[in-house]
Amino acid sequence: MTPRTTRRRRSCRRRGLAPAAAALLAVLCLPAPPAAETVPEGAWFEHPFGGRRSYQGDWLVVCDEAGRGPCRAVQYVHLVDGGFFGKGRLSVNPDAEGGPVLTLWGRELDAAGTARRGLGIAIDGGPERVVDVRPGGPDGPGDPQKVTVPDAEGLIEAMRAGRWMHVRAAGAEEIYSLRGIAGALDAMEADREAFGPPSRRRAR
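In mature numbering (1 follows the signal peptide of the UniProt record, and there is no 0), the protein residues as written are -35 to -1, 1 to 169.
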C-alpha cells in the first residue's frame, strides 16, 4: 500500500435526494485520481499544506519551508481503515546535526513499554534484532504512541538494501515496505548538503 494510491472512504448516501442532486453527489464522491498519475515518481511538487514533496517508491519525502527546511522520509500503513494518519507510521528524520534517526508511531503503540523492552526489527525475514529506543519523537518525549531509535545509522543503511521490514513494538506490530527508501535517503542527504543541518538553519 503506498501513500499515493490510498484514499479515505467516504459515506455517500443518496436516499431522499432529487435525481439531479443524487447525480451530483455521485460525481463528488468518486475517488480522486491517484497522485502517481499526475506526479511522476521522484519528481518534486509543492503541497497545499506547504513545503515540497516527492514520492520515492513507497516512501514520501517531505521538505519544510518550500524545500529550504529539513526533509524527512515517511511511510504510512493502513490508511483506508485508519483515516489520515493510518494505523502506523515509520519515518526517517534528521537530528539537530543532520544525522538520521528512525521514528515509529502507532495508534496502539505503547511507547513506555517499548522503551523498557526494546524495539524488534527484522529485515527481509532475517533474524530479529532488538534495538534501544526512547519515548517520543526526535524533538523529545511527549507522544505516548511514538518511539525513536537515536543511533540508527547502521540500521538505516541496512534498510537501503532491503525489501521490507518487520517492526515489533509493545502493543503494535507492522510490516513496512522498503521500496524507494534508498532514493528517499539520497534526497534527504542532498537537502542536508545544500542547506545544512537543522541546527544551522535555526541559527540563521
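The beta-carbon is built from N, C-alpha and C at its ideal position, and this holds for glycine as well. Predicted, not measured: the structure shown is a model, and the values here were computed from it.
From this set, the options, which residue's C-alpha is nearest residue i's C-alpha?
{"i": "D60", "options": "T113, P103, R128, M153", "result": "P103"}
{"i": "F14", "options": "D29, G78, A123, V98", "result": "D29"}
{"i": "E139", "options": "I86, G101, G34, V57", "result": "I86"}
{"i": "E73", "options": "K52, V42, A159, D108", "result": "K52"}
{"i": "G16", "options": "P5, P35, V4, T3", "result": "P35"}
What is the rounded straight-line gap between the Cα of residue i and the Cα of residue j?
{"i": "R128", "j": "S142", "result": "6 angstroms"}
{"i": "W9", "j": "L67", "result": "23 angstroms"}
{"i": "G161", "j": "G63", "result": "8 angstroms"}
{"i": "G136", "j": "A76", "result": "9 angstroms"}
{"i": "P92", "j": "R125", "result": "17 angstroms"}
{"i": "A147", "j": "K111", "result": "24 angstroms"}
{"i": "A80", "j": "D108", "result": "13 angstroms"}
{"i": "R157", "j": "L84", "result": "28 angstroms"}
{"i": "Y41", "j": "W70", "result": "9 angstroms"}
{"i": "R58", "j": "T3", "result": "Per the sequence shown, the amino acid found at residue 58 is Asn instead of Arg. Near 27 angstroms, if we compare the C-alpha coordinates of T3 and N58."}
{"i": "G119", "j": "A155", "result": "19 angstroms"}
{"i": "P5", "j": "G78", "result": "41 angstroms"}
{"i": "A123", "j": "R94", "result": "12 angstroms"}
{"i": "P100", "j": "P106", "result": "5 angstroms"}
{"i": "H43", "j": "A159", "result": "34 angstroms"}
{"i": "A(-15)", "j": "E11", "result": "Note that A(-15) has pLDDT 45, beneath the 50 cutoff, so the model's placement of it is unreliable and the number below is only indicative. Going by the C-alpha atoms only, they are around 34 angstroms apart."}
{"i": "V98", "j": "I121", "result": "14 angstroms"}
What does a CB cutoff of less than 6 angstroms around residue i pick up in its chain, not counting 5 residues either side in sequence?
{"i": "A149", "result": "Q21, W24, V26, A38"}
{"i": "G145", "result": "Q21, G22, D23, W24"}
{"i": "L55", "result": "Q40, L69, Y141"}
{"i": "V(-9)", "result": "Residue placement at V(-9) is flagged as unreliable, the pLDDT there being 31, under the threshold of 50; the coordinate-derived value follows with that caveat. The answer is none, since no qualifying residue turns up."}
Near residue i, which residues of its chain fall below 7 angstroms by C-beta distance, leaving aside the five closest residues on each side in sequence?
{"i": "A117", "result": "P65, V66, L67"}
{"i": "D89", "result": "G127, R128, W129"}
{"i": "S19", "result": "G7, A8, W9, V26, A152"}
{"i": "R82", "result": "A135"}
So residue i and residue j are supposed to be a Cβ contact under 8 angstroms. How far apart are they, rounded?
{"i": "V114", "j": "V132", "result": "The Cβ separation is near 10 angstroms, so there is no contact."}
- Entirely within the region 64 to 123 and at least 3 residues each: give me those beta strand (DSSP E) ranges in chain order. Correct list: 65 to 71, 84 to 88, 94 to 96, 111 to 114.
- Any chance you could list the beta strand (DSSP E) runs of at least 3 consecutive residues sitting entirely within the region 5 to 56, in chain order? Here the runs fully enclosed are 9 to 11, 17 to 21, 24 to 28, 36 to 42.
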